[in-house]
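Participant: Under full-length UniProt numbering, think of the first position of the sequence shown as 1, with each following residue one higher. Ideal Cβ positions, reconstructed from N, Cα and C, are used throughout, including at glycine.
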Amino acid sequence: MENYQTEPKATPQHRLGAIALDVVLLLCTCYIGWIIWSLVIWGKGLTPGKQILKLRVVSSVTGQTATWGHMAIRQFLLPMAMTLPFSILQFSFQSYIFDPNYWADPTYYDVSLLSSLGVFFMAFLSLGVSLLDALWIFKGGQNRRIVDVWAKTDVLNTSATPR
1 MENYQTEPKA
11 TPQHRLGAIA
21 LDVVLLLCTC
31 YIGWIIWSLV
41 IWGKGLTPGK
51 QILKLRVVSS
61 VTGQTATWGH
71 MAIRQFLLPM
81 AMTLPFSILQ
91 FSFQSYIFDP
101 NYWADPTYYD
111 VSLLSSLGVF
121 FMAFLSLGVS
131 LLDALWIFKG
141 GQNRRIVDVW
151 AKTDVLNTSA
161 TPR
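Now the structure itself:
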């Protein structure tokens, strides 16, 4: 075990700060920089936001630093699975743009209001699920997001460790 017992769990505020940093970095780098940075550091149990705030993801079962596979499941697959139903529905509201009849005569479909409301609603639901996951750290005093529970991980504050 790598200091799993001596490093305190990250506080909800630190975790929320890391999530906010990840979102800001994701948007500022147009996804590309964040993805490249993440792929490099996932093997160390980090995301860009966690690296900046000196937090680290560990397996709650073994206490070892989360592997690249753990991080891919935790950061990509589980969030994707949680929002996929809404993304599919959102895409279905926009699928009319792939019909050649739409481009030949935009009045062919009378979906402007329905489509706009559907896309907005599905995007809102996807955002809501992501926000629920982020705010789950305040539930029950365990400081764990939904993805932490499913991926069996904990987040530790390595800056609080006496050196």
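If I'm right that ALA134 touches LEU16 with Cβ under 8 angstroms, what's the distance once you round it to whole angstroms?
Facilitator: Indeed, because the Cβ distance is near 7 angstroms, the residues count as touching under 8 angstroms.
Participant: Would you kindly work out how many angstroms separate the C-alpha atoms of GLY141 and CYS30, rounded to a whole number?
Facilitator: Whole-angstrom Cα-Cα distance: 34 angstroms.
Participant: Please state if the CB of GLY49 and the CB of ALA66 are separated by a distance shorter than 8 angstroms.
Facilitator: Cβ distance not < 8 angstroms, so ALA66 and GLY49 don't count as in contact.
Participant: Can you tell me which of LEU78, CYS28, LEU53, ILE32 puts its alpha carbon nearest to the alpha carbon of TRP150?
Facilitator: Minimum Cα distance to TRP150 is reached at LEU78.
Participant: Leaving out five residues before and five after PRO8 in sequence, what residues of the same chain have Cβ atoms less than 6 angstroms from its Cβ?
Facilitator: Cβ neighbours of PRO8 beyond the five flanking positions: ASN157, ALA160.
Participant: So PHE91 and SER126 are in contact, right, with Cβ under 8 angstroms, and what is the actual spacing, rounded?
Facilitator: 11 angstroms between Cβ atoms; not a contact.
Participant: In the structure shown, what three-state DSSP assignment does THR62 receive?
Facilitator: Note: THR62 maps to coil in three-state DSSP.
Participant: On the three-state DSSP scale, how would you describe ARG144?
Facilitator: In this structure, ARG144 counts as coil in the three-state DSSP scheme.
Participant: Is it right to say MET122 is buried, meaning 16 or more other beta carbons lie within 10 angstroms of its own, or is it exposed?
Facilitator: Label assigned to MET122: buried.
Participant: Go ahead and label LEU53 buried or exposed: buried means 16 or more other beta carbons lie within 10 angstroms of its beta carbon, across all protein chains shown.
Facilitator: When all chains shown are included, LEU53 counts as buried.
Participant: Using the rule of at least 16 other Cβ atoms within 10 Å of the residue's Cβ for burial, across every protein chain shown, is MET71 buried or exposed?
Facilitator: So MET71 ends up on the buried side.
Participant: Kindly indicate which residue of SER60, SER38, PRO12 has the alpha-carbon position closest to the one of PHE76.
Facilitator: For the residues SER60, SER38, PRO12, the minimum Cα distance to PHE76 belongs to SER38.
Participant: How big is the Cα-Cα spacing for GLU2 and THR83?
Facilitator: Note that GLU2 scores 49 on pLDDT, short of 50, meaning its location in the model is unreliable; the coordinates nonetheless yield the value given after this. Computed Cα separation, rounded: 33 angstroms.
Participant: Closest by CA to TRP68, which one among ILE41, VAL119, ILE88?
Facilitator: Comparing Cα positions, the closest option is ILE41.
Participant: Return yes when the Cβ of VAL155 is within less than 8 angstroms of the Cβ of LEU89, no when it is not.
Facilitator: Taking 8 angstroms as the Cβ cut-off, LEU89 and VAL155 do not qualify as a contacting pair.
Participant: Is any heavy atom of the ligand ZN found at a distance shorter than 7 angstroms from the C-beta of GLN51?
Facilitator: For the ligand ZN, the structure offers nothing, since it holds no ligand at all.
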